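Take any residue in the sequence shown, note its place counting from 1, add 924, and you have its number in the numbering used here. Just so you know, even glycine gets a beta-carbon here, dropped at the ideal spot from N, CA and C. Computed from a predicted model, the values in this text were never measured in an experiment. Everything on this sheet refers to the single structure shown next.
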Amino acid sequence: MSHRKALTLEEKVALIKDNQNGHGLSVRQLADNYKISKSSAANILRRSEEFLADYSSNSNKSIKRELKDETRQKIDEIVFEWFAQQRAKQIPIAGPILQENARQVAEQLGYTTETFKASNG
925 MSHRKALTLE
935 EKVALIKDNQ
945 NGHGLSVRQL
955 ADNYKISKSS
965 AANILRRSEE
975 FLADYSSNSN
985 KSIKRELKDE
995 TRQKIDEIVF
1005 EWFAQQRAKQ
1015 IPIAGPILQE
1025 NARQVAEQLG
1035 YTTETFKASN
1045 G
């Protein structure tokens, strides 16, 4: 069984430095050292400029991932409640139907189609 491991910004910067400095560790070695997948290590290296810029701007270095704002959390809650009600009625709900409901809820809360995109997950 695998479980996700989210690295902090400091850990991501350390991984980047391990790759850039004289160490020159491979993606496989970095993934093993930080106990993450090879694709995660490769993505961190690909986005290294972004992470280094965030780190140098003195943002919170222990943050693991960007949190949703309160309105987007509210959209998630409302859509999940609607989904649970539909499933309780034995109504099958596919992804596009769920996305459309999310768009409608977002519109009711003041988002426009330019500012809100319903994701697949």
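Nearest-angstrom Cβ-Cβ length linking residue i and residue j, presumed shorter than 8 Å
i	j	result
Phe1040	Leu1022	So it is not a contact: roughly 14 Å between Cβ atoms.
Asp942	Leu949	5 Å
Arg952	Lys962	6 Å
Cβ-Cβ distance between residue i and residue j below 9 Å
i	j	result
Ala965	Ala977	no
Ile1018	Ile999	Checking the displayed sequence, the identity of residue 1018 turns out to be Ala instead of Ile. The answer is no: Cβ separation not under 9 Å.
Thr995	Leu933	no
Which of helix, strand or coil DSSP assigns to residue i
i	result
Leu976	helix
Arg971	coil
Pro1016	coil
Phe1040	coil
Asp942	helix
Leu933	helix
Tyr958	helix
Ser950	coil
Neighbourhood of residue i by C-beta, 6 Å cutoff - its chain only, sequence neighbours within 5 removed
i	result
Leu939	Leu954, Tyr958, Ile968
Residue burial classification, residue i (beta-carbon count within 10 angstroms, cutoff 16)
i	result
Ile960	buried
Lys936	buried
Ala1012	exposed
8 Å CB neighbourhood of residue i in its chain, flanking five on each side removed
i	result
Val1003	Leu1022, Asn1025, Ala1026, Val1029
Asn1044	Gly1019, Gln1023
CB contact check: residue i to chain C, cutoff 9 Å
i	result
Lys1013	In summary, chain C is missing from the structure at hand, where a single protein chain is found.
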